[in-house]
Every structure is written in structure tokens, then in C-alpha cells.
Amino acid sequence: MPQPEQEETKVISYPPIHGRLSYSLLADQPLRGAPIREGDLWHLSTEERVDPVHVSLHINGFRFQLDGQEMAISLSPFTLVRNCKFQSTYPMLNVADFKIFKVSLFAQGACYYFGVRGENEREAEELRSRWVLDISRAMRLVTQTLFPPFNISCRPLDAVPSTNSRLMAGYLVHFDDCFTASVLYCELHVQTQQDHTRIVMYENESCRQQLAEIYVTDRSICCEKIGINCSCFSVEDHQFSARTLSERKLWLRAISNLKVKLQNSAPVPSPAETWHYREAVQEHAKNHIVFEGYAKTDALLQRTFIRPLGAQTDASYHATLGALPPPAPEDIKYGDRPCQAYSPDAEHASVFALPLPQPEAESRASDAHPLRRSSSLSEPLRKLSDVWLRPTRPRSKSFLVPRQVPKPGDG
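Under UniProt numbering, think of the first position of the sequence shown as 1, with each following residue one higher.
Listed below in C-alpha cells is the structure:
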């Protein structure tokens with residue numbers, strides 16, 4: 001059967017990206033500009049304490065004072081916010097009157113719990129919702145400023161034969177380790193064998209420099225991170241953050257469809273079938289992915305130095321790829337249904353359409369940051385900031401053995 005002639009979808013073209021974009025995930029980066037929201041909240045801790053704090057939300061983080069010390073926390077793509085319930089092991093700590101939410105910096109293994117009070121339950125719910133939504137918008141803005149302009153591509157590159165089995169490709173933020181993230185060009189392939197397919201990660205959209213690949217089988221774990229307006233998802237041990245919620249949904253849907261084909265031992269698709277698959281993905285992207293953030297802005301995270309590919313470093317063993325859980329306290333009940341994200345249309349609030357202010361002029365001592373207090377992390381953080389992800393090796397047959405699927409965490 002002759003292969004249908006593939007029509008090029010009319011899309012806006014952008015200048016190509018050269019090299020690799022990598023950014024620091026450290027939470028002590030300078031906060032930008034004046035606060036976009038301020039208010040009085042309650043800070044909850046595991047030490048039988050509920051402290052009143054004044055919280056200032058900036059476009060890339062938040063700050064508050066606790067015990068006379070300023071806490072300034074910068075956000076990253078691998079941060080989430082959600083409603084929760086706080087379980088205290090101390091009988092004297094009564095939090096029944098609070099509406100609580102948490103900000104989880106799961107890249108650093110840190111979590112902040114805040115409570116809201118109102119004259120009645122409805123007022124407290126509304127106030128919490130406004131805080132959660134505004135923080136989630138700031139997180140979305142930080143994420144979107146890291147991406148170069150691009151469109152989801154389903155067409156292989158004539159100059160790169162390895163892209164012939166491409167189903168879809170686009171930029172994603174990859175969680176390299178606790179300190180760095182890279183914006184990689186990721187390419188999902190149709191299955192070229194009956195037992196697996198691949199996600200290939202390139203330095204950029206030229207697809208000249210392949211960095212690593214993930215083998216996807218019918219038993220591969222692929223799930224989304226639960227948070228308000230959160231665009232994070234994981235494939236096996238790799239964590240990603242998409243530019244928008246719609247793009248995350250498209251990636252997960254495409255991977256899920258391929259897993260179904262693998263589960264049913266579907267044959268390798270013909271060129272004509274591959275063409276139809278690409279058309280379906282491109283049509284979905286055209287109708288559902290709307291992104292208006294192409295205005296040139298500065299990234300809201302600091303760029304980092306990356307070692308040349310293949311450089312030897314013992315620090316590569318520290319690339320935990322998101323294995324650090326948030327510390328106690330645990331929130332065990334979710335009666336507030338935090339899994340339901342707000343509409344993607346909320347990502348383009350007018351307050352975030354303003355020009356990005358420059359970092360503050362004043363500097364802060366690094367040892368004053370809450371993630372560095374009572375520790376000697378500052379020097380290792382500098383040494384590990386250039387760690388690159390470990391290349392994924394081909395899976396052994398033992399990879400196909402069923403394994404227990406972990407229960408979804410709360411972030």
C-alpha cells in the first residue's frame with residue numbers, strides 16, 4: 001500500500017536553539033520585583049506550633065518571617081501547591097479551624113504548610129482558593145519562561161534518519177537531580193518492536209546530539225503529579241514538566257495509547273498507519289494546545305554550567321531523579337479534592353502579562369536560607385550544580401517482570 005503524502009501543517013516557525021538549556025533548581029534564588037499578593041497566614045510545623053506569618057508572593061517565589069528570620073523561597077517547575085489536611089501527633093495542636101494548603105518543593109524534599117482562617121468556613125475556603133490559585137499561576141509562569149518558542153512536531157527530520165519513527169516531539173523540562181533541570185527536546189516513537197517503544201531525549205530540536213532514551217513497555221509506570229495547575233509527570237524514574245497542562249495531557253495520552261498497543265501485542269505499524277497516527281496527534285495539538293506566551297522574557301531561574309557530555313564525575317550517583325520525599329508532617333486525607341486542577345485558561349492572568357522585573361539588588365546570606373540552615377550543603381550544592389543525567393542503559397529482560405506499582409504520593 002503506498003504511503004499517503006504527508007502534508008506539512010502550517011505552523012509558526014522559530015529560530016533554532018543551539019546547545020542545551022539548563023537551570024538551577026536551588027530554592028534560594030533572588031525573588032523578582034514587588035509582591036503580587038500579600039496577606040496574613042498561619043505557618044504549621046511538626047513542633048506543636050502554629051505561628052502567624054505575613055506572606056508575600058512574588059512572580060517567582062514567596063517570603064515570610066519565622067522566629068525573626070526571613071524565609072525566601074524561589075519556585076521551580078518541580079514545585080506543586082494543593083489543598084490538604086494536616087494531621088498532628090500533638091493533642092494540644094488544634095488545627096480544626098484552619099483551611100490548610102501546602103507548597104511542596106519535592107525537588108529539594110521540602111514542604112511548607114499554611115493555614116487560613118475566616119469569619120466562617122465559606123470565607124476561609126475562598127481565601128485559601130485564591131492563595132492556591134495565585135501560587136500555582138506563579139509556578140506556571142516560572143515554568144513557561146524556561147521554554148524556547150516551539151510547536152509540537154510530528155514530522156521526522158529528513159537529515160536525521162533516526163527520527164523516521166517519530167510520533168511526536170517537543171521540549172520538556174527534565175529533572176536531572178536535586179539541583180539542576182534541563183530543557184530537552186523529547187521524541188516519542190511508535191513501536192519499532194512488538195515489546196517496547198522509546199522516548200529519546202536530545203540536546204535540542206536539531207536532534208543531532210542524543211543524550212539518553214527511555215524504554216517504554218506495557219508495564220512501564222507513567223503518571224502525573226497531583227497539584228493545582230501542575231504540569232509535571234513521570235515516565236519510569238524520569239520526571240518531566242510540560243509547558244502547559246494541555247501539552248502534558250497530550251504526552252500522557254500518546255504514551256498511554258502506545259502502551260495499550262504493546263499490551264495487545266499489536267504489530268509494528270506500517271508507514272501508512274504511522275502517518276495516520278501522526279495526523280491524529282497533530283490534529284489534537286492544533287485544536288487543544290493554545291499557548292500565548294511567545295513574548296520574549298527572561299527565564300525566572302538561573303542558568304547553570306553543564307559538563308560536556310560524557311565527562312566523568314562521581315557526583316552522577318547523586319542524580320536521584322525525584323526520589324526525595326517531602327518531610328513530615330503527612331497529610332492523610334484529601335476531602336478537598338486537590339486533584340482537580342483549574343482551567344488552563346487561568347494561566348494567562350493579566351498580573352503575569354506585565355514585564356518581568358529584575359532581581360532585587362540586596363543580597364542575602366546563603367546560610368540564612370531554610371534549606372541550608374544547620375547543614376553544610378552550600379559547597380556540595382555548588383559542586384553538584386553541573387551534574388548531568390545518567391544515560392539510560394537498555395533494559396534487561398528482568399525489566400519485563402511484573403513489579404508492585406507504588407501508591408500515588410501526595411507530592
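Quick reminder that beta carbons are idealized off the backbone N, C-alpha and C, glycines included.
Everything numeric in this text was worked out from a predicted model, so none of it was measured.
Note that the region 30 to 40 touches the region 50 to 68; at least 3 beta-carbon pairs, one per stretch, sit closer than 8 Å. If you draw a 10 Å sphere on the C-beta of Q69, you find fewer than 16 other C-beta atoms in it, and that means exposed. The Cβ atoms of T197 and L258 sit closer than 7 Å to each other.
According to DSSP, F78 shares a beta bridge with no other residue. Contact annotation, A138 with N60: C-beta distance approximately 7 Å; criterion of less than 8 Å satisfied.
Counting along the chain, I255 sits inside the alpha helix (DSSP H) bounded by residues L245 to Q263. Exposure of T192 is indicated by the presence of fewer than 16 other C-beta atoms within 10 angstroms of its C-beta. For the pair Q65 and Q302, the CB atoms are not nearer than the 7 Å cut-off. For V200, the beta-bridge partners assigned by DSSP are E187 and E213. Distance from the Cα of T145 is smallest, within the candidate group L127, S182 and M168, for S182. Sequence-distant Cβ neighbours of E187 in its own chain, meaning closer than 6 Å and more than five residues away, are R166, A169 and V200. In the three-state reduction of the DSSP assignment, Q108 falls in the coil class.
Beta-bridge pairing by DSSP links G170 to C186. Within the DSSP secondary-structure output, H238 pairs in a beta bridge with V235. Beta-bridge analysis with DSSP links K99 to V116.
Between T304 and T180, the C-beta gap is smaller than 7 Å, which places the two residues in contact.
Bounds of any beta strand (DSSP E) do not take in V268, whose DSSP letter is neither H nor E. Rounded to the nearest whole angstrom, the CA to CA distance from C111 to V103 is 6 Å. With three or more CB-CB distances shorter than 8 Å, the region 242 to 259 counts as touching the region 279 to 286. In the structure shown, the three-state DSSP call for S206 is coil. The beta carbons of I152 and V81 sit no closer together than 7 Å.
Excluding sequence positions up to five before and after F98, its CB lies within less than 7 Å of the CB of W42, G115, V116 and R117, all in the same chain and listed in chain order. Annotation for V160: no alpha helix (DSSP H) segment contains it, and DSSP assigns it neither H nor E.
For the 7 Å CB-CB criterion, A107 and L21 do not form a contact.
If you ignore the 5 residues before and after P77, its C-beta comes within less than 6 Å of the C-beta of T143, V173 and S241, all in its own chain and listed in chain order. Separation of the CB atoms of S256 and T244 is rounded to 18 Å, and the pair is thereby denied contact status at 8 Å. In the three-state reduction of the DSSP assignment, N83 falls in the strand class. L31 is a Cβ neighbour of A72, given a cutoff of 7 Å. In the DSSP annotation of this structure, the continuous segment of the alpha helix (DSSP H) that includes D134 starts and ends at E121 to Q144. DSSP, reduced to helix, strand and coil, places R49 within a strand of the structure shown.
Classified as buried, P156 has 16 or more neighbouring CB atoms from the shown chains inside 10 Å of its CB.
Taking the CA atoms as reference points, R208 sits about 57 Å from E121. A check of alpha carbon separations from D40 across A124, F175, V235 and K286 identifies A124 as the nearest.
For Q29, the three-state secondary structure derived from DSSP is coil.
Between S246 and E236, the C-beta gap is not smaller than 7 Å, which leaves the two residues out of contact.
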